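Right, one structure below, let's go through it.
Number of protein chains: 4
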Amino acid sequence: MDERSAQHRWERRTQQPLMGLAVVFAAAYAVPIIWPDASQAVTEACEVVEWVVWGAFSLDYLVRLVLTERRGEFVRTHWLDLCAVLLPLIQPLRLLRVVATVLLVGQRARMATQIRLTTYVAGAVVALMMFGSLAVLSVERESPDGNIKSMGDAVWWSFTTMTTVGYGDHAPTTGLGRMIAVGLMLSGIALLGVVTANIAAWFIARFESDDVEERRQTAAIEALAEEVRALRAQVAALSDSSGKVPEKSRT
Amino acid sequence: MDERSAQHRWERRTQQPLMGLAVVFAAAYAVPIIWPDASQAVTEACEVVEWVVWGAFSLDYLVRLVLTERRGEFVRTHWLDLCAVLLPLIQPLRLLRVVATVLLVGQRARMATQIRLTTYVAGAVVALMMFGSLAVLSVERESPDGNIKSMGDAVWWSFTTMTTVGYGDHAPTTGLGRMIAVGLMLSGIALLGVVTANIAAWFIARFESDDVEERRQTAAIEALAEEVRALRAQVAALSDSSGKVPEKSRT
Amino acid sequence: MDERSAQHRWERRTQQPLMGLAVVFAAAYAVPIIWPDASQAVTEACEVVEWVVWGAFSLDYLVRLVLTERRGEFVRTHWLDLCAVLLPLIQPLRLLRVVATVLLVGQRARMATQIRLTTYVAGAVVALMMFGSLAVLSVERESPDGNIKSMGDAVWWSFTTMTTVGYGDHAPTTGLGRMIAVGLMLSGIALLGVVTANIAAWFIARFESDDVEERRQTAAIEALAEEVRALRAQVAALSDSSGKVPEKSRT
Amino acid sequence: MDERSAQHRWERRTQQPLMGLAVVFAAAYAVPIIWPDASQAVTEACEVVEWVVWGAFSLDYLVRLVLTERRGEFVRTHWLDLCAVLLPLIQPLRLLRVVATVLLVGQRARMATQIRLTTYVAGAVVALMMFGSLAVLSVERESPDGNIKSMGDAVWWSFTTMTTVGYGDHAPTTGLGRMIAVGLMLSGIALLGVVTANIAAWFIARFESDDVEERRQTAAIEALAEEVRALRAQVAALSDSSGKVPEKSRT
Numbered sequence: 001m002d003e004r005s006a007q008h009r010w011e012r013r014t015q016q017p018l019m020g021l022a023v024v025f026a027a028a029y030a031v032p033i034i035w036p037d038a039s040q041a042v043t044e045a046c047e048v049v050e051w052v053v054w055g056a057f058s059l060d061y062l063v064r065l066v067l068t069e070r071r072g073e074f075v076r077t078h079w080l081d082l083c084a085v086l087l088p089l090i091q092p093l094r095l096l097r098v099v100a101t102v103l104l105v106g107q108r109a110r111m112a113t114q115i116r117l118t119t120y121v122a123g124a125v126v127a128l129m130m131f132g133s134l135a136v137l138s139v140e141r142e143s144p145d146g147n148i149k150s151m152g153d154a155v156w157w158s159f160t161t162m163t164t165v166g167y168g169d170h171a172p173t174t175g176l177g178r179m180i181a182v183g184l185m186l187s188g189i190a191l192l193g194v195v196t197a198n199i200a201a202w203f204i205a206r207f208e209s210d211d212v213e214e215r216r217q218t219a220a221i222e223a224l225a226e227e228v229r230a231l232r233a234q235v236a237a238l239s240d241s242s243g244k245v246p247e248k249s250r251t
Numbered sequence: 001m002d003e004r005s006a007q008h009r010w011e012r013r014t015q016q017p018l019m020g021l022a023v024v025f026a027a028a029y030a031v032p033i034i035w036p037d038a039s040q041a042v043t044e045a046c047e048v049v050e051w052v053v054w055g056a057f058s059l060d061y062l063v064r065l066v067l068t069e070r071r072g073e074f075v076r077t078h079w080l081d082l083c084a085v086l087l088p089l090i091q092p093l094r095l096l097r098v099v100a101t102v103l104l105v106g107q108r109a110r111m112a113t114q115i116r117l118t119t120y121v122a123g124a125v126v127a128l129m130m131f132g133s134l135a136v137l138s139v140e141r142e143s144p145d146g147n148i149k150s151m152g153d154a155v156w157w158s159f160t161t162m163t164t165v166g167y168g169d170h171a172p173t174t175g176l177g178r179m180i181a182v183g184l185m186l187s188g189i190a191l192l193g194v195v196t197a198n199i200a201a202w203f204i205a206r207f208e209s210d211d212v213e214e215r216r217q218t219a220a221i222e223a224l225a226e227e228v229r230a231l232r233a234q235v236a237a238l239s240d241s242s243g244k245v246p247e248k249s250r251t
Numbered sequence: 001m002d003e004r005s006a007q008h009r010w011e012r013r014t015q016q017p018l019m020g021l022a023v024v025f026a027a028a029y030a031v032p033i034i035w036p037d038a039s040q041a042v043t044e045a046c047e048v049v050e051w052v053v054w055g056a057f058s059l060d061y062l063v064r065l066v067l068t069e070r071r072g073e074f075v076r077t078h079w080l081d082l083c084a085v086l087l088p089l090i091q092p093l094r095l096l097r098v099v100a101t102v103l104l105v106g107q108r109a110r111m112a113t114q115i116r117l118t119t120y121v122a123g124a125v126v127a128l129m130m131f132g133s134l135a136v137l138s139v140e141r142e143s144p145d146g147n148i149k150s151m152g153d154a155v156w157w158s159f160t161t162m163t164t165v166g167y168g169d170h171a172p173t174t175g176l177g178r179m180i181a182v183g184l185m186l187s188g189i190a191l192l193g194v195v196t197a198n199i200a201a202w203f204i205a206r207f208e209s210d211d212v213e214e215r216r217q218t219a220a221i222e223a224l225a226e227e228v229r230a231l232r233a234q235v236a237a238l239s240d241s242s243g244k245v246p247e248k249s250r251t
Numbered sequence: 001m002d003e004r005s006a007q008h009r010w011e012r013r014t015q016q017p018l019m020g021l022a023v024v025f026a027a028a029y030a031v032p033i034i035w036p037d038a039s040q041a042v043t044e045a046c047e048v049v050e051w052v053v054w055g056a057f058s059l060d061y062l063v064r065l066v067l068t069e070r071r072g073e074f075v076r077t078h079w080l081d082l083c084a085v086l087l088p089l090i091q092p093l094r095l096l097r098v099v100a101t102v103l104l105v106g107q108r109a110r111m112a113t114q115i116r117l118t119t120y121v122a123g124a125v126v127a128l129m130m131f132g133s134l135a136v137l138s139v140e141r142e143s144p145d146g147n148i149k150s151m152g153d154a155v156w157w158s159f160t161t162m163t164t165v166g167y168g169d170h171a172p173t174t175g176l177g178r179m180i181a182v183g184l185m186l187s188g189i190a191l192l193g194v195v196t197a198n199i200a201a202w203f204i205a206r207f208e209s210d211d212v213e214e215r216r217q218t219a220a221i222e223a224l225a226e227e228v229r230a231l232r233a234q235v236a237a238l239s240d241s242s243g244k245v246p247e248k249s250r251t
């Protein structure tokens with residue numbers, strides 16, 4: 001109980017600094033892609049920042065693992081976090097580091113109970129769109145057949161993809177770019193589902209609030225309770241008049 | 001209570017004239033775009049009408065602000081209206097004036113309690129489609145690479161966008177045009193959600209009306225009430241026969 | 001009551017012949033479009049058949065109007081039917097005749113109570129897709145810029161439109177063709193909504209059947225009824241033993 | 001009863017070997033399409049494997065038909081399986097054999113009660129996408145106008161189709177390819193519906209769990225039960241004091 005609370009306290013205290021680091025990571029990822037003519041020093045600094053942020057989230061995972069009571073269960077329910085921690089060590093590609101950090105940040109944000117579902121979904125959609133645009137731009141810019149050559153095109157393309165509009169005026173042509181696109185499409189379907197489900201739940205809640213059957217039930221129960229109360233009064237009167245009921249049994 | 005009612009009365013009385021002004025605004029916005037060879041005088045008259053309608057809605061906001069009881073709360077809950085009032089003053093661009101007026105009209109229409117949700121959504125969709133088409137046309141017509149050159153193309157494009165079909169035979173190529181397009185796409189997703197949610201709510205309401213469990217419950221309660229009624233009759237008979245119950249305790 | 005029943009009897013008896021006529025109409029509409037080299041005689045025969053079927057449905061409307069009790073209400077609730085009857089008389093265009101007959105058939109089918117909702121929606125989607133394909137083909141074939149030149153292209157295009165996929169390899173280029181396309185898109189959105197709503201209603205019905213709260217309620221009521229039954233037995237025993245309760249008051 | 005159980009036992013025991021055979025079939029179908037320069041021997045071996053797997057599923061259908069009690073009902077409710085068994089015998093085309101086997105595998109998987117709905121839908125979507133990609137590739141590669149020439153293009157195209165994004169950079173041009181595409185589109189709509197419905201059902205379940213009305217009901221019933229319990233105590237005391245109640249009537 002106490003250890004679980006230690007883990008909980010850690011999670012609450014590190015919440016804000018870690019989210020700040022996530023923003024730093026996003027900037028460090030964006031700079032060399034948006035500004036391809038940046039000097040060697042800038043690019044290297046950005047890479048160091050990326051490794052540091054990934055390291056901070058990996059450390060956070062390890063601390064939570066140490067603080068938790070049931071370690072086996074923690075590893076099993078957070079296997080995706082474990083993959084995200086190990087992946088950049090095995091294959092230090094830039095894209096894998098991004099995927100790993102986005103996963104770690106996303107899992108961490110989902111755990112923060114003070115963040116409501118709608119905020120989480122909106123944040124995830126914006127983050128996916130931003131990282132998707134950047135990743136596709138960095139991949140497609142080098143392809144000779146590519147048609148996504150500027151940040152504007154990349155953002156425009158990711159909007160047409162996530163809303164499933166898909167004009168096709170810009171589309172990835174490389175294998176890696178298409179894999180990122182598939183990720184955005186699936187997120188887009190999930191987004192559509194969440195929007196529709198939200199509206200539907202709200203509509204249905206309004207429909208149900210004037211549910212006739214339920215009201216009739218409550219009325220029936222209340223009428224019945226009234227009946228029983230009257231009955232008790234009668235029985236009480238009966239026993240009073242017969243003068244033989246012990247006082248302690250009356251409530 | 002009285003002041004809130006003054007605000008309420010104002011809102012009800014100005015509802016119709018303001019909606020009429022909104023139609024006038026739409027016409028004044030459409031004329032110079034659909035008819036680009038119009039004389040200087042016509043274009044200027046349209047601009048004056050636009051400023052007048054925006055002014056009327058700004059005045060309406062101020063009157064409501066004066067009439068309301070809790071001014072602080074009013075400003076906080078209507079911050080979007082405040083932005084819409086101030087925006088054209090800071091940056092007198094045509095597009096901003098349109099966005100501001102559409103926002104003010106939309107907020108005003110949403111407050112009108114006699115307008116039902118479906119009417120509001122349908123109206124919002126039609127208005128967004130119309131203004132979206134006009135705005136994209138005015139932006140894209142001047143772009144050398146643009147492929148939206150006539151009103152017909154613009155309306156057709158906005159339909160393919162809002163329904164998320166997205167053929168891609170016409171698509172905006174400028175940054176401003178694409179920002180308007182993103183607005184239409186998001187409205188299209190919301191439209192899809194509202195349509196689906198409406199149908200789903202109707203389906204579920206039909207499903208629930210023959211809900212077996214609820215009926216069993218009501219039946220159970222009614223049977224129980226019957227039981228208790230019989231019991232009361234017995235007790236009444238018992239007390240009558242014993243002749244000792246005071247009359248006042250019987251209901 | 002009797003007159004309403006006369007209308008009802010008419011509707012039930014004419015149901016099947018009218019649906020047969022609808023199929024004949026579809027064939028008569030399709031032949032000159034699919035087979036553009038047909039002789040003058042065939043084309044004229046098809047036109048005669050179209051007018052005859054439209055006439056039959058108009059006659060059906062008039063007979064129902066005569067048989068109904070409240071004529072004013074009938075005209076008001078069936079104003080779309082009235083338009084469909086009058087439209088081809090005012091403007092004898094082929095497309096208007098098609099729209100009129102499709103409307104009359106659709107309204108008639110919806111009234112047939114033995115047809116279930118799913119069947120109606122599926123039928124409406126197939127009919128709209130077929131008529132949409134044919135109408136777009138007949139319009140676009142004559143356009144010099146058109147890219148829908150064969151029946152195969154038209155059907156393929158209508159599938160990509162109704163499912164909101166919208167590849168854009170084929171798309172209408174004429175104003176009339178685009179108006180038909182907008183109709184198909186809106187039907188596609190409705191179709192998506194119906195499919196999703198159907199699945200959602202089924203899911204929710206399954207979720208609710210194992211609703212824990214409801215079961216606890218029923219259990220609570222049953223336990224309560226048990227309690228009351230035991231109480232009645234006690235009271236009965238009490239009154240039996242005191243030997244004074246009149247037999248008629250016991251149930 | 002016993003025979004039904006025999007059928008049931010057969011279905012449970014053959015479940016895993018048949019699913020293994022389905023994977024073998026998928027491999028045998030994929031090899032000659034992905035590797036078109038394979039030697040004659042490989043192609044022929046793959047064809048033999050396809051016939052063997054189809055034969056195994058046909059045999060499974062016949063064994064279940066023999067083991068079932070009500071043969072007439074089994075044939076009627078499994079008419080799709082019967083078609084799938086007979087189709088490749090009548091017309092030994094490769095595509096028909098694939099459709100037949102996919103149908104038989106799908107029906108068999110749906111019957112396996114231990115597989116949950118979400119797993120079934122996910123499996124069906126992946127299988128449809130894989131077979132759709134392969135089938136379209138094999139059809140379009142031979143078309144001179146085709147633009148789906150590699151496995152990568154085919155998978156990318158099937159993703160853009162099932163998510164209804166539809167860029168149109170790759171699209172089938174032959175009749176057969178388009179028929180497969182329509183199948184994928186319809187599956188995509190169903191997929192969207194299932195995703196949305198799942199989220200909606202989960203949302204609504206959460207909304208309902210804090211349903212105020214229901215809680216008030218349960219509270220009302222519990223209060224009522226408390227009342228009745230007190231009443232029983234009173235009656236018991238009354239009867240005890242009068243000393244005349246037979247012991248057996250008390251619970």
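Chains as they are written, first to last, in full-length UniProt numbering: chain A, 1 to 251; chain B, 1 to 251; chain C, 1 to 251; chain D, 1 to 251. For glycine and all other residues, C-beta sits at the position ideal for the given N, C-alpha and C. Bear in mind that the values here come from a model prediction, so they are computed numbers and not experimental data.
Nearest neighbour of residue 152 of chain A, chosen from A:164, A:129, A:165, A:75 [CA to CA]
Comparing Cα positions, the closest option is A:129.
Taking the alpha helix (DSSP H) that residue 36 of chain C belongs to, which residues open and close that run?
No alpha helix (DSSP H) contains residue 36 of chain C, which DSSP labels as neither H nor E.
I want to verify the contact list: residues of chain A whose CB lies under 7 Å from the CB of residue 160 of chain D, in sequence order.
Those are 166, listed as they occur along chain A.
On the CB-based measure, 16 or more other CB atoms within 10 Å of its CB, does residue 48 of chain B come out buried or exposed?
Exposed is the call here.
Between B:20, B:21, B:43, which has its C-alpha nearest residue 31 of chain B's C-alpha?
Among B:20, B:21, B:43, the Cα nearest to that of residue 31 of chain B is on B:43.
How should residue 177 of chain A be labelled, buried or exposed, when 16 other C-beta atoms within 10 angstroms of its C-beta is the threshold for buried?
Label assigned to residue 177 of chain A: buried.
Proximal residues to residue 141 of chain D (C-beta, below 8 Å), its chain only, five neighbours per side dropped:
The residues are 36, 148, 149.
Return the residues of the UniProt domain "Potassium channel" (129-203) of chain B that lie within a Cβ-Cβ distance of less than 7 Å from chain C, sorted by chain order.
Answer in chain order: 152, 156, 159, 160, 163, 164, 165, 166, 167, 168, 169, 192, 195, 196, 199, 200, 203.
Between which two residues does the alpha helix (DSSP H) containing residue 161 of chain A stretch?
Counted as a single uninterrupted DSSP element, the alpha helix (DSSP H) harbouring residue 161 of chain A occupies residues 151-162.
Using 8 Å for Cβ pairs, my map puts residue 174 of chain B next to residue 139 of chain B. What's the rounded Cβ distance?
Confirmed, Cβ separation roughly 6 Å.
Of the choices D:38, D:102, D:73, whose alpha-carbon is the least far from that of residue 58 of chain D?
Considering only alpha carbons, the answer is D:102.
Helix, strand or coil at residue 229 of chain A according to DSSP, with G and I counted as helix:
The answer is helix: DSSP assigns residue 229 of chain A an H, G or I state.
Would a check of beta-carbon distances place residue 52 of chain B closer than 8 Å to chain C?
Using a CB distance cut-off of 8 Å, residue 52 of chain B does not count as an interface residue toward chain C.
Do residue 107 of chain C and residue 80 of chain C count as a contact pair if the criterion is CB distance below 8 Å?
Here residue 80 of chain C is near residue 107 of chain C, since their CB atoms are less than 8 Å apart.
Strictly below 9 Å CB to CB, what residues from chain B border residue 235 of chain C?
Those within 9 Å of residue 235 of chain C in chain B are 231, 234, 235, 238.
Thinking residue 163 of chain A and residue 164 of chain D are a contact (beta carbons under 8 Å), I'd like their distance in whole angstroms, please.
Taking C-beta atoms under 8 Å as the contact rule, residue 163 of chain A and residue 164 of chain D fail to qualify, at a distance of about 11 Å.
In chain D, what lies closer than 8 Å to residue 125 of chain A by C-beta?
Listed by position along chain D, the residues whose Cβ is nearer than 8 Å to that of residue 125 of chain A form an empty set, because the closest Cβ is around 14 Å away.
Within 10 Å of its beta-carbon, does residue 196 of chain D have 16 or more other beta-carbons around it, so buried, or fewer, so exposed?
Taking every protein chain shown into account, the CB of residue 196 of chain D has 16 or more other CB atoms within 10 angstroms, so this residue is buried.
Does the CB of residue 210 of chain C have a neighbour CB from chain D at under 8 Å?
Its pLDDT being 49, under 50, residue 210 of chain C is placed unreliably in this model, and the value from its coordinates should be taken loosely. So, not an interface residue.
Might you give, ordered along the chain, the residues of its own chain that have their beta carbon closer than 7 Å to the beta carbon of residue 34 of chain A, omitting 5 neighbours on each side?
Here the set comprises 151.
Measure the beta-carbon distance from residue 221 of chain D to residue 204 of chain C and round it to whole angstroms, keeping in mind my assumption that it falls under 8 Å.
Not quite, the Cβ-Cβ distance comes to about 25 Å (not below 8 Å), so this is no contact.
By alpha-carbon positions, which one of C:117, C:52, C:119 ends up nearest to residue 98 of chain C?
For the residues C:117, C:52, C:119, the minimum Cα distance to residue 98 of chain C belongs to C:52.
Are at least three pairs of beta-carbons, each pair with one atom in the region 67-86 of chain D and one in the region 6-15 of chain D, less than 8 Å apart?
Verdict: yes, contact present.
Return yes when the Cβ of residue 189 of chain A is within less than 8 Å of the Cβ of residue 256 of chain A, no when it is not.
Any answer about residue 256 of chain A is impossible in this case: the structure gives chain A only from 1 up to 251.
Kindly indicate the opening and closing residues of the alpha helix (DSSP H) around residue 90 of chain D.
In the DSSP assignment, residue 90 of chain D falls within the unbroken alpha helix (DSSP H) covering 79-90.
Heavy atom of the ligand HEM within 7 Å of residue 12 of chain C beta-carbon:
Absent from the structure shown: the ligand HEM. Ligands present: none.
Helix, strand or coil, according to DSSP, for residue 143 of chain D in the structure here?
Residue 143 of chain D sits in coil when the DSSP states are folded into three classes, being neither helix nor strand.
From B:157, B:168, B:55, residue whose alpha carbon lies closest to that of residue 184 of chain B:
Comparing Cα-Cα distances from residue 184 of chain B to each of B:157, B:168, B:55, the minimum goes to B:157.
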